[in-house]
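**Q** One structure is given below, represented as structure tokens, and several questions about it will come after.
Below, the structure is given as structure tokens:
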């Protein structure tokens, strides 16, 4: 029987958030999104 490990889940969630933030930064750098879009999407990630 596997038990849920909140510490691992939190670590996994942080990795996903960091990866998503990196994608946003790359898209901003490439000009795919505007600074306003970046800020709006980053706020959503921080929720």
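Numbering (the UniProt record's numbering), first residue to last: 1 to 47.
The beta-carbon is built from N, C-alpha and C at its ideal position, and this holds for glycine as well.
Could you check the C-alpha separation between residue 35 and residue 26 for me, to the nearest Å?
**A** 12 Å
**Q** For residue 21 and residue 42, I'd like the C-alpha separation in whole angstroms.
**A** 7 Å
**Q** Just reading off the alpha helix (DSSP H) that residue 46 is part of, what are its end residues?
**A** 35-46
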